[in-house]
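Trainee: Residue numbers (the numbering used here): 8 to 475.
1. Taking Cβ positions, are residue 278 and residue 354 nearer each other than 9 Å?
2. Tell me the rounded alpha-carbon separation between residue 352 and residue 241.
3. In or out: residue 459 buried (at least 16 other Cβ within 10 Å) or exposed?
4. Assign residue 89 to one of three DSSP states: helix, strand, or coil.
5. Out of 320, 358, 109 and 154, which one is the CA nearest neighbour of residue 304?
6. Would residue 415 pass as an interface residue toward chain B - the criterion being a Cβ-Cβ separation below 9 Å?
7. How should residue 293 be labelled, buried or exposed, when 16 other C-beta atoms within 10 angstroms of its C-beta is the threshold for buried?
8. What are the complete beta strand (DSSP E) segments, minimum 3 residues, inside the region 253 to 293?
9. Rounded to whole angstroms, what's the CA-CA distance from residue 266 to residue 308? Just pull it up for me.
10. Helix, strand or coil: which one does DSSP assign to residue 409?
11. Taking Cβ to Cβ, would you say residue 356 is nearer than 9 Å to residue 318?
12. Take every Cβ of the region 419 to 439, pair it with every Cβ of the region 202 to 222, and state whether three or more of those distances are shorter than 8 Å.
13. Measure how close the beta-carbons of residue 362 and residue 299 come, nearest whole angstrom, since I'm counting them as under 8 Å.
14. Compute the distance between the beta-carbons of residue 206 and residue 244, then report whether it is under 9 Å.
15. Quick check on the DSSP output: what are the complete alpha helix (DSSP H) runs of length 4 or more inside the region 315 to 361, in order along the chain?
16. Give me the Cβ distance between residue 131 and residue 141, rounded to the nearest whole Å; I'm assuming they're in contact under 8 Å.
17. Going by other Cβ atoms of all chains shown within 10 Å of its Cβ, with 16 needed for buried, is residue 365 buried or exposed?
18. How far does the alpha helix (DSSP H) with residue 146 in it reach, from first residue to last?
19. Please name the residue, chosen from 148, 416, 210 and 296, that lies closest to residue 100 on a Cα-to-Cα basis.
20. From residue 287 to residue 77, what distance separates their C-alpha atoms?
21. Tell me where the alpha helix (DSSP H) around residue 437 begins and ends.
22. Between the alpha carbons of residue 373 and residue 421, how many angstroms are there, rounded?
23. Would you kindly check if the distance between the Cβ of residue 324 and the Cβ of residue 271 is under 9 Å?
24. Applying the criterion that 16 or more other CB atoms from any shown protein chain within 10 Å of the CB defines a buried residue, is residue 468 buried or exposed?
25. Going by DSSP, what residue range makes up the alpha helix (DSSP H) through residue 376?
26. Taking residue 129 as part of the alpha helix (DSSP H), name the residues at either end of that continuous run.
27. What is the DSSP secondary structure of residue 380, counted as helix, strand or coil?
28. Of all the options 302, 147 and 144, which has the alpha carbon lying nearest to the alpha carbon of residue 289?
29. For residue 95, collect the residues of the same chain with a Cβ closer than 6 Å to its Cβ; drop the 5 residues on either side in sequence, then sort them by chain order.
30. Work out the CA separation of residue 208 and residue 83 for me, nearest whole Å.
31. Please report the residue range of the alpha helix (DSSP H) in which residue 467 lies.
32. Taking the C-alpha atoms as reference points, what is the distance between residue 348 and residue 321?
33. So residue 462 and residue 248 are in contact, right, with Cβ under 8 Å, and what is the actual spacing, rounded?
34. Look at the Cβ atom of residue 125, then the Cβ atom of residue 90, and state whether they are nearer than 9 Å.
35. Helix, strand or coil: how does DSSP classify residue 471 here?
36. Count the other C-beta atoms from every protein chain shown that fall within 10 angstroms of the C-beta of residue 221, then say buried if there are 16 or more, exposed otherwise.
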């Protein structure tokens, strides 16, 4: 693994020797002032007392985490007071990212290195004096991971993976693991988390649609497993990136058309799978233990995620719209996409801004928000029905919907997320969506029939980032 560890060590030494505090925008990558929302300053760092690992919410202001002395203790406190809630979308004493990480970080050096690196990444992008400390933790973690991974072959990794999810069982066979656990919640949580991160990566890195197949044996009822939505999201991410490359391909038209046909076939299959998906019943959910983040918030978010997959499918493959509704002209297609986007955003608007799930709203906001083109839609019948059990009653609203209003909504929510999370990735997401709108506006002035996809904007402008 010298190809990995040597450059990582060189990077670490270079950062430690050359990195100097710089005057910079607290949001890092942003080069433009937000023009559609009001922003505040970056979030102040808060640390908890010694019982932070067992009792969330007891925060007090402990100033800036800037000294190298005893940094691990401070970063540990910062994780349990701030980072943990952002990563898991809710917080309570039974949260696996609180309960399991507290234990594993004291038992496994690699886990502790990852734990400190994640915690340091947040304040480092808000405070210059934290940059060297974060770089040290980051490169050290990469080296530790490389060293550990170099000792594992595929067989060992599979055994480790199975053992992790079957922890506490003498028989680590798949059936005993899946059906015999007294409390399956930790497994559900971590499988869902892995599927979610795979979904985020699918929009940034070129992968095949079967990348997440290793997670398939760890699901329960396939048609009612929430993690299945993230697996579907990872597949549309892969297809959307492949569609981007085809749009920019310079190969022969015949070859491009053949590849396009193959992608469309995969898109149709994914559409069928989404149609078969059934959202879990209300009684299948257990309380989060977090008063600010009830289960209903996750149900709204999951429904918006499901619709976002359909939105991305229709954007990548307009043929799916035309197949269902006959030949549609360009404006009618845009209306259908805008209708779906507004339905998604209406679901997000039902979730209070104080919810713990807000850190997971970014992918949906980017996908739905970037679909909106500034125009006024007259007499559009938008189906606001939320087909999840236990949700408020459905309603069908007709009338005038100002796209600009929803752009303001998306821009404001993304801007507040940037303030809440404090990572540059949020600023990049804002830039992607705004540039998408700007391109659409220019095409509208030219009466062009071309579509602008946010993935095109992200890649063209070098803004690749995890949108979550």
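All C-beta atoms in this analysis are idealised placements derived from N, C-alpha and C, irrespective of residue type, glycine included.
Mentor: A quick look at the data gives this:
1. The residue given as residue 278 occupies position 271 in the chain shown. The residue given as residue 354 occupies position 347 in the chain shown. For residue 278 and residue 354, no; Cβs fall outside 9 Å.
2. In the chain shown, the residue the question calls residue 352 occupies position 345. In the chain shown, the residue the question calls residue 241 occupies position 234. So the two alpha carbons sit approximately 21 Å from each other.
3. Mapped onto the chain shown, residue 459 falls at position 452. Looking at its Cβ environment, which holds 16 or more other Cβ atoms inside 10 Å, residue 459 is buried.
4. Mapped onto the chain shown, residue 89 falls at position 82. Helix, per DSSP.
5. For the purposes of this step, residue 304 is taken as the residue at position 297 of the chain shown. Ranking 320, 358, 109 and 154 by Cα distance to residue 304 puts 358 first.
6. Protein chain content of the structure displayed is limited to a single chain, and chain B is not contained in it.
7. The count along the chain shown starts at 1 and reaches residue 293 at position 286. The residue in question, residue 293, is exposed, as its Cβ has fewer than 16 Cβ neighbours within 10 Å.
8. none
9. Residue mapping note: residue 266 aligns to position 259 of the chain shown, counting from 1. Residue mapping note: residue 308 aligns to position 301 of the chain shown, counting from 1. Going from the Cα of residue 266 to the Cα of residue 308 covers about 33 Å.
10. Taking the chain shown and counting its residues from 1, one reaches residue 409 at position 402. DSSP places residue 409 in strand when its eight states are reduced to three.
11. The count along the chain shown starts at 1 and reaches residue 356 at position 349. The count along the chain shown starts at 1 and reaches residue 318 at position 311. Going by C-beta atoms, residue 356 is not nearer than 9 Å to residue 318.
12. no
13. Within the chain shown, the letter at position 355 stands for residue 362. Within the chain shown, the letter at position 292 stands for residue 299. Contact flag correct, Cβ pair sits at about 6 Å.
14. Along the chain shown, read from residue 1 onward, the residue named residue 206 stands at position 199. Along the chain shown, read from residue 1 onward, the residue named residue 244 stands at position 237. Yes.
15. 326 to 332 and 337 to 356
16. In the chain shown, residue 131 corresponds to position 124, counting from 1. In the chain shown, residue 141 corresponds to position 134, counting from 1. The pair is a contact, with the Cβ atoms about 3 Å apart (cut-off 8 Å).
17. In the chain shown, the residue the question calls residue 365 occupies position 358. The residue is buried, with at least 16 neighbouring Cβ atoms inside 10 Å.
18. As a working note, residue 146 is residue 139 in the chain shown. Counting along the chain, the alpha helix (DSSP H) containing residue 146 begins and ends at 138 to 156.
19. Walking along the chain shown from the start, residue 100 turns up at place 93. Of the candidates 148, 416, 210 and 296, the one whose C-alpha sits nearest the C-alpha of residue 100 is 296.
20. Translated into positions along the chain shown, residue 287 becomes position 280. Translated into positions along the chain shown, residue 77 becomes position 70. Using only the alpha carbons, I get a separation of about 45 Å.
21. Within the chain shown, the letter at position 430 stands for residue 437. 431 to 452 is the span of the alpha helix (DSSP H), which, as asked, contains residue 437.
22. One-based indexing of the chain shown puts residue 373 at position 366. One-based indexing of the chain shown puts residue 421 at position 414. Roughly 9 Å between the two C-alpha positions.
23. Taking the first residue of the chain shown as 1, we reach residue 271 at position 264. Taking the first residue of the chain shown as 1, we reach residue 324 at position 317. Closer than 9 Å, so yes.
24. The count along the chain shown starts at 1 and reaches residue 468 at position 461. Looking at its Cβ environment, which holds fewer than 16 other Cβ atoms inside 10 Å, residue 468 is exposed.
25. Numbered from 1 along the chain shown, position 369 holds the residue referred to as residue 376. It spans 369 to 376 - the alpha helix (DSSP H) in which residue 376 sits, taken as one unbroken run.
26. For this step, residue 129 is matched to residue 122 along the chain shown. 116 to 131 is the span of the alpha helix (DSSP H), which, as asked, contains residue 129.
27. On the chain shown, position 373 is the one that residue 380 refers to. Three-state result, residue 380: coil.
28. Counting from one through the chain shown, the residue named residue 289 turns up at place 282. Comparing Cα positions, the closest option is 302.
29. Your numbering for residue 95 matches position 88 in the chain shown. Only 102 and 104 meet the Cβ criterion.
30. Within the chain shown, the letter at position 76 stands for residue 83. Within the chain shown, the letter at position 201 stands for residue 208. Each residue's alpha carbon lies about 27 Å from the other.
31. Counting from 1 along the chain shown, the entry for residue 467 is found at position 460. It spans 461 to 467 - the alpha helix (DSSP H) in which residue 467 sits, taken as one unbroken run.
32. For this step, residue 348 is matched to residue 341 along the chain shown. For this step, residue 321 is matched to residue 314 along the chain shown. Straight-line Cα distance between these residues: approximately 11 Å.
33. Start at 1 with the first residue of the chain shown, and residue 462 comes out as number 455. Start at 1 with the first residue of the chain shown, and residue 248 comes out as number 241. Indeed, because the Cβ distance is near 6 Å, the residues count as touching under 8 Å.
34. Looking up residue 125 in the chain shown gives position 118. Looking up residue 90 in the chain shown gives position 83. Yes; because the gap between Cβ atoms is below 9 Å, this pair is in contact.
35. Residue 471 sits at position 464 when you count from the first residue of the chain shown. Coil, per DSSP.
36. Along the chain shown, read from residue 1 onward, the residue named residue 221 stands at position 214. Its Cβ having fewer than 16 others within 10 Å, residue 221 is exposed.
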